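Each position in the sequence shown, counted from 1, maps to that position plus 104 in the numbering used here. Report on the structure given below.
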Amino acid sequence: MTSTSAQDDGPVQGPAGATAALVLSDGSVLWGRGIGAVAEAGGEVVFNTGMTGYQEVMTDPSYAGQIITFTFPHIGNVGTNDEDIEALTPAARGCVLRADITEPSNWRASRHLADWLTSHGLVGIAGVDTRQLTRRIRDAGAPNGVLAHRPDGLFDLAALKAKAAQWPSLKGLDLAKEVTCAQTYSWDETRWSLAHGYGTLEQPRFHVVAIDYGAKRNILRSLASHGCRVTVVPAQADFDTIMRHQPDGIFLSNGPGDPAATGAYAVPVVQKLVETGKPVFGICLGHQILALALGAGTYKMDTGHRGANHPVKDHTTGKVEITSQNHGFGVDRSTLPTGVMETHTSLFDGTVEGLAVEGKPVFSVQYHPEASPGPQDSQYLFARFMDHITASKP
Numbered sequence: 105m106t107s108t109s110a111q112d113d114g115p116v117q118g119p120a121g122a123t124a125a126l127v128l129s130d131g132s133v134l135w136g137r138g139i140g141a142v143a144e145a146g147g148e149v150v151f152n153t154g155m156t157g158y159q160e161v162m163t164d165p166s167y168a169g170q171i172i173t174f175t176f177p178h179i180g181n182v183g184t185n186d187e188d189i190e191a192l193t194p195a196a197r198g199c200v201l202r203a204d205i206t207e208p209s210n211w212r213a214s215r216h217l218a219d220w221l222t223s224h225g226l227v228g229i230a231g232v233d234t235r236q237l238t239r240r241i242r243d244a245g246a247p248n249g250v251l252a253h254r255p256d257g258l259f260d261l262a263a264l265k266a267k268a269a270q271w272p273s274l275k276g277l278d279l280a281k282e283v284t285c286a287q288t289y290s291w292d293e294t295r296w297s298l299a300h301g302y303g304t305l306e307q308p309r310f311h312v313v314a315i316d317y318g319a320k321r322n323i324l325r326s327l328a329s330h331g332c333r334v335t336v337v338p339a340q341a342d343f344d345t346i347m348r349h350q351p352d353g354i355f356l357s358n359g360p361g362d363p364a365a366t367g368a369y370a371v372p373v374v375q376k377l378v379e380t381g382k383p384v385f386g387i388c389l390g391h392q393i394l395a396l397a398l399g400a401g402t403y404k405m406d407t408g409h410r411g412a413n414h415p416v417k418d419h420t421t422g423k424v425e426i427t428s429q430n431h432g433f434g435v436d437r438s439t440l441p442t443g444v445m446e447t448h449t450s451l452f453d454g455t456v457e458g459l460a461v462e463g464k465p466v467f468s469v470q471y472h473p474e475a476s477p478g479p480q481d482s483q484y485l486f487a488r489f490m491d492h493i494t495a496s497k498p
């Protein structure tokens, strides 16, 4: 961690070769080489421990409002393409790398990562000691920060420090309304395969309404691959709007921000949906919103879980699965009401990773079963949802 000792009034010339600066909320300044857009972005500085999937990470709507530190030192190896995205518009604010972006070396690559970042207006910094930054986040919690890229190396540090110090906390912030869809749409694209790419659902067995709090595309693809025609509705859709679609089941998507803030409009709707007796399945933010709807509480974690190597125990089977995760809030175990079971637990820190309601086809997980770290350890959850739907149909 490098703190500047230069005069902060007016533009300051960074160290030799520095064309980017990451300024943290405590005034610390990390210098490096700018990548991507010549721009400035603020957000919560977090770290992701995945070795691959950086394009999926940058486009995951759950990363809205965050600057991502990649702990793996070689980012850019596989380039970028038009298929490995979770949303058309990247939600992350920027990225922090240890080394310069690696030249792409993959047959699917169609673009260099630096060009892809620039085209989306995303700013990044390379040459940062990401191990030291990660330790800081791990020990002291995720700080807010401002990331600036200037090719001339001149930075108004006083202004950057003020912005970093004043950047709003994600606690109490509703970001789902910023990344949700603007209108209802249908989805029938299935998961990618080596021989065919993405497919199309030809003969749907079920109809699922997915509430979009920031839904990843691969979740929708997973539902379609299990035979579901999916109708996606905005986060603020009311109960009557959802039920007019006559769903066989309801899916609560992932998303960014504080679940308690989003819950101001989502929780009453989810409570009514649970009362219908229809199957309900939630992932990530959807899991947290379901917990709130059932009477439990949530809290902001110090560092959160972000990466593709998190072990989770499924208490219903006794098995341990390797999961992909991205969340900064958790469900408070001590607030779980009678009749709500903890089905999954993190083997990293013992936090709640899954819930189910006794006697009802309602369940959720904190992690991301649509991702493939295991590589398919968690796909059974979609099959479980289908089993609930099958059992509930007349």
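Note that beta-carbon positions come from the ideal geometry of N, C-alpha and C, so glycine has one too. All of these numbers come straight from a predicted model, not from anything done at the bench.
- DSSP places P415 inside the beta strand (DSSP E), whose first and last residues are 402 to 418.
- According to DSSP, D316 shares a beta bridge with P338.
- Put simply, the backbone Cα of S482 is about 25 angstroms away from that of D186.
- Shortest Cα-Cα distance from N248 to any of Q270, A262, T294 involves Q270.
- Ranked by Cα distance from E148, the first of A141, G157, W135, S166 is S166.
- From the listed residues V384, P363, L377, G454, the smallest Cα separation to A495 is found for V384.
- Annotated as distal: Y317 and T294, with beta-carbon spacing of 8 angstroms or more.
- The straight-line gap separating the alpha-carbon atoms of V227 and S129 is approximately 18 angstroms.
- Shown here, F259 sits in a strand according to DSSP, grouped into three states.
- Listed as beta-bridge partners of C388 by DSSP are no residues whatsoever.
- Here the alpha carbons of S273 and W135 stand approximately 24 angstroms from one another.
- When secondary structure is reduced to three states using DSSP, M162 falls in the helix class.
- Here Y289 is bridged, per DSSP, to V336.
- In its chain, beyond the 5 residues on either side, T447 have a beta carbon closer than 6 angstroms to the beta carbon of H419.
- At least 8 angstroms separates the beta-carbon of E425 from that of A252.
- Contact check for L126 against V182 fails: the beta carbons are separated by 8 angstroms or more.
- Three or more beta-carbon pairs drawn from the stretch 325 to 333 and the stretch 298 to 316 are found closer than 8 angstroms, and the two stretches are therefore classed as touching.
- Taken through DSSP and simplified to helix, strand or coil, G303 comes out as coil.
- Under the criterion of beta carbons closer than 8 angstroms, T402 and D436 qualify as touching, at roughly 6 angstroms.
- Here the alpha carbon of T222 sits roughly 40 angstroms from the alpha carbon of H349.
- Assigned with DSSP and collapsed to three states, G249 falls in strand.
- Under the Cβ criterion (8 angstroms, minimum of three pairs), the stretch 341 to 348 counts as touching the stretch 373 to 388.
- The alpha helix (DSSP H) runs of length 4 or more contained entirely in the stretch 445 to 498 are, from start to end of the chain, 484 to 496.
- Within the stretch 140 to 214, complete beta strand (DSSP E) segments of at least 3 residues are found at 144 to 152, 170 to 174, 198 to 200, given in chain order.
- A370 sits away from I354, with the two beta carbons spaced by 8 angstroms or more.
- Distance from the CA atom of L264 to the CA atom of L279, rounded to whole angstroms, is 23 angstroms.
- Contact check for A268 against V250 passes: the beta carbons are separated by less than 8 angstroms.
- Counting along the chain, A124 sits inside the beta strand (DSSP E) bounded by residues 124 to 128.
- Here P119 is exposed. Its C-beta has fewer than 16 other C-beta atoms within 10 Å.
- A check of alpha carbon separations from G432 across D491, I189, D292, G411 identifies G411 as the nearest.
- DSSP places A230 in the uninterrupted beta strand (DSSP E) bounded by 227 to 230.
- Burial state of H178 is exposed, judged by a 10 Å Cβ sphere holding fewer than 16 other Cβ atoms.
- When DSSP states are grouped into helix, strand and coil, S297 belongs to the strand group.
- The beta carbon of F259 sits closer than 7 angstroms to the beta carbons of P115, V116, G118, A125, A252 from its chain, once the five residues preceding and following it are set aside; these are given in chain order.
- S329: member of the alpha helix (DSSP H) spanning 321 to 329, first to last residue.
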